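>
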Ligand SMILES: *Cc1c(COP(=O)(O)O)cnc(C)c1O
């Protein structure tokens with residue numbers, strides 16, 4: 507959704523005015539903020555790492571604890587929300603969140619587990635086509651998972667993993683470089699596996715263009731959406747992506763270690779030729795309890811489930827997903843572009859002498875996070891932010907990632923972040939300019 511961009515200024519009154527007219531301002535009240543010593547909320551800009559707790563999460567979890575206490579095993583069928591089909595309560599909302607059909611999504615396991623399950627099914631190397639294309643410096647868990655799957659299939663990660671990197675002197679990937687690589691080497695690539703939004707740079711890739719180009723070369727295309735789900739608008743079904751995985755504790759506010767998400771395109775829903783690591787929860791629901799010996803997968807993403815799921819975690823996720831569903835991604839994205847645009851504006855005005863933004867400038871190529879590289883003494887800036895109760899995160903050797911999330915962050919939060927940086931810089935004239 508495009509909105510006319512607000513004309514920003516560096517005055518505090520601009521931040522106040524933007525907050526006053528923010529159509530999503532009321533949602534801040536629906537989250538619990540860590541507190542400073544004086545009881546005021548911290549300036550929390552770390553929703554890319556762990557999203558805040560919805561005020562309703564405790565009630566949702568308590569309901570399940572109470573039903574467990576009251577009913578014991580019978581809660582599987584007689585709880586207010588019976589546990590047997592409990593995960594289905596999240597299906598429609600999850601489908602809307604990522605632009606999928608309900609049959610294509612499921613919440614299960616955690617991200618890295620889901621990534622392994624998808625690789626088992628969708629990385630089918632042959633003698634001539636065995637490579638996996640990924641981004642250099644992918645999130646470590648993705649690297650380990652992919653390396654181990656490659657070895658598991660009897661290939662050498664050294665030759666089987668192809669990495670795309672930013673060009674020398676650049677900070678993010680160019681779609682054209684990915685497409686070119688597919689053009690030249692596509693017939694050796696079995697699988698393209700990329701982060702939809704890069705955790706480090708904050709770059710959002712063009713999922714559709716990459717998927718189309720991959721399919722044109724007969725590659726399977728999967729995405730890790732850990733930093734994309736709940737952050738950017740996704741259209742997984744129409745993009746044609748084969749599979750995707752994401753976690754729910756970052757932008758989705760499901761709580762630490764929360765049950766994760768998985769998408770499998772409808773094209774694959776009833777395929778029986780795929781390898782899969784199976785478990786009883788993926789078996790046809792109507793015969794599951796007859797405990798047949800032969801596994802018969804549920805058509806669609808649910809067929810990849812292994813175990814009966816953690817109800818308490820699902821309950822907390824429901825609290826968060828109700829909020830996402832109420833707001834809807836288009837409204838969330840509209841505010842997000844404004845809020846991050848404001849952060850970018852202030853950084854350019856106040857901090858350009860000592861800090862540089864690594865994240866792409868175009869709103870279509872990023873989510874809400876900006877990654878900021880310091881010319882020197884970055885860690886001191888970070889320590890000062892912490893001292894002033896501003897929560898963001900530090901990546902060695904010189905980067906601060908800051909994520910103003912549209913559900914609960916204000917323009918005042920952003921203002922304060924930049925104010926602390928620029929004051930600290932001005933108080934320390936010894937810091938070198940870029
Ligand atoms: C956060 C994140 C993970 C974390 O994996 P878990 O299995 O949830 O611990 C994996 N990959 C990416 C890209 C991430 O950003």
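In our numbering, the protein residues as written are 507 to 940.
Just so you know, even glycine gets a beta-carbon here, dropped at the ideal spot from N, CA and C.
These figures come from a predicted structure and were not determined experimentally.
In this structure, how does DSSP classify residue 789 when only helix, strand and coil are distinguished?
Translated into positions along the chain shown, residue 789 becomes position 283. Strand.
> Among 751, 877, 822 and 836, whose alpha-carbon lies nearest the alpha-carbon of residue 616?
What you label residue 616 is simply residue 110 of the chain shown in a count that begins at 1. It is 751 whose Cα lies nearest to the Cα of residue 616.
> Please confirm whether any heavy atom of ligand 1 lies closer than 6 angstroms to the CB of residue 928.
Within the chain shown, numbered from 1, the residue matching residue 928 stands at position 422. Not so, every heavy atom of ligand 1 lies at least 6 angstroms from the Cβ.
> Considering only the alpha carbon of each residue, which of 649, 602 and 668 lies closest to residue 622?
In the chain shown, residue 622 corresponds to position 116, counting from 1. Per the Cα distances, 649.
> Does any heavy atom of ligand 1 sit closer than 6 angstroms to the C-beta of residue 645?
Position 139 of the chain shown holds residue 645. Checking the Cβ of residue 645 against ligand 1 gives yes.
> Note down the Cα distance separating residue 895 from residue 636, rounded to an integer number of angstroms.
Here residue 895 refers to the residue found at position 389 of the chain shown. Here residue 636 refers to the residue found at position 130 of the chain shown. Approximately 49 angstroms, taken between the alpha carbons.
> I'd like to confirm the pairing. Which residues does DSSP put opposite residue 861 in its beta bridges?
Locating residue 861 in the chain shown gives position 355, counting from the first residue. Looking at the DSSP assignment, residue 861 forms a beta bridge with 880.
> Taking the alpha-carbon of residue 534 as reference, which of 629, 755, 663 and 550 has the nearest alpha-carbon?
Taking the chain shown and counting its residues from 1, one reaches residue 534 at position 28. Nearest of 629, 755, 663 and 550 to residue 534, Cα basis: 550.
> Let me know if residue 819 comes out buried or exposed under the rule of 16 or more other beta-carbons within 10 Å of its beta-carbon.
On the chain shown, position 313 is the one that residue 819 refers to. Under this definition residue 819 is a buried residue.
> With distances taken between CB atoms, is the gap from residue 826 to residue 875 smaller than 7 angstroms?
Here residue 826 is taken as the residue at index 320 of the chain shown, counted from 1. Here residue 875 is taken as the residue at index 369 of the chain shown, counted from 1. Cβ distance not < 7 angstroms, so residue 826 and residue 875 don't count as in contact.
> If you draw a straight line from the alpha carbon of residue 926 to that of residue 890, how long is it in whole angstroms?
For the purposes of this step, residue 926 is taken as residue 420 along the chain shown, with counting starting at 1. For the purposes of this step, residue 890 is taken as residue 384 along the chain shown, with counting starting at 1. Straight-line Cα distance between these residues: approximately 8 angstroms.
> Applying the criterion that 16 or more other CB atoms from any shown protein chain within 10 Å of the CB defines a buried residue, is residue 824 buried or exposed?
Translated into the one-based positions of the chain shown, residue 824 becomes position 318. Residue 824 should be labelled buried.
> Tell me the DSSP secondary structure of residue 768 in three-state form.
Translated into the one-based positions of the chain shown, residue 768 becomes position 262. Strand, per DSSP.
> DSSP three-state call for residue 550: helix, strand or coil?
Numbered from its first residue, the chain shown carries residue 550 at position 44. Strand.
> Apart from the five residues just before and just after residue 944, which ones in its own chain have a Cβ nearer than 7 angstroms to its Cβ?
Since the first residue of the chain shown is 507 and the last is 940, residue 944 is not available in this structure.
> With H, G and I counted as helix, E and B as strand and the rest as coil, what does DSSP make of residue 710?
Residue numbering aside, residue 710 sits at position 204 when the chain shown is read from its first letter. Here residue 710 sits in strand by DSSP.
> Taking the C-alpha atoms as reference points, what is the distance between residue 712 and residue 681?
In the chain shown, residue 712 corresponds to position 206, counting from 1. In the chain shown, residue 681 corresponds to position 175, counting from 1. Taking the straight line joining both Cα atoms gives about 7 angstroms.
> Taking the straight line between their C-alpha atoms, what separation do you get for residue 723 and residue 571?
In the chain shown, residue 723 corresponds to position 217, counting from 1. In the chain shown, residue 571 corresponds to position 65, counting from 1. Cα to Cα, the separation comes out at about 51 angstroms.
> Please classify residue 673: does DSSP put it in a helix, a strand, or coil?
As a working note, residue 673 is residue 167 in the chain shown. DSSP places residue 673 in coil when its eight states are reduced to three.
> So within the stretch 686–758, which uninterrupted beta strand (DSSP E) runs reach at least 3 residues, ignoring any that extend past its ends?
695–701, 726–730 and 749–752
> Consult DSSP for residue 797 and reduce its assignment to one of helix, strand or coil.
The residue you call residue 797 lines up with position 291 of the chain shown. Here residue 797 sits in coil by DSSP.
> From 915, 916 and 864, pick the residue whose C-alpha is nearest to that of residue 676; which is it?
Position 170 of the chain shown, counting from 1, holds the residue named residue 676. It is 864 whose Cα lies nearest to the Cα of residue 676.
> On the criterion of 16 or more Cβ atoms from any shown chain inside 10 Å, does residue 586 qualify as buried, or is it exposed?
Reading the chain shown from its first residue, position 80 is the one you call residue 586. Exposed.
> Can you tell me where the alpha helix (DSSP H) with residue 522 in it begins and where it stops?
Within the chain shown, residue 522 is the residue found at index 16, counting from 1. First-last of the alpha helix (DSSP H) with residue 522: 518–526.
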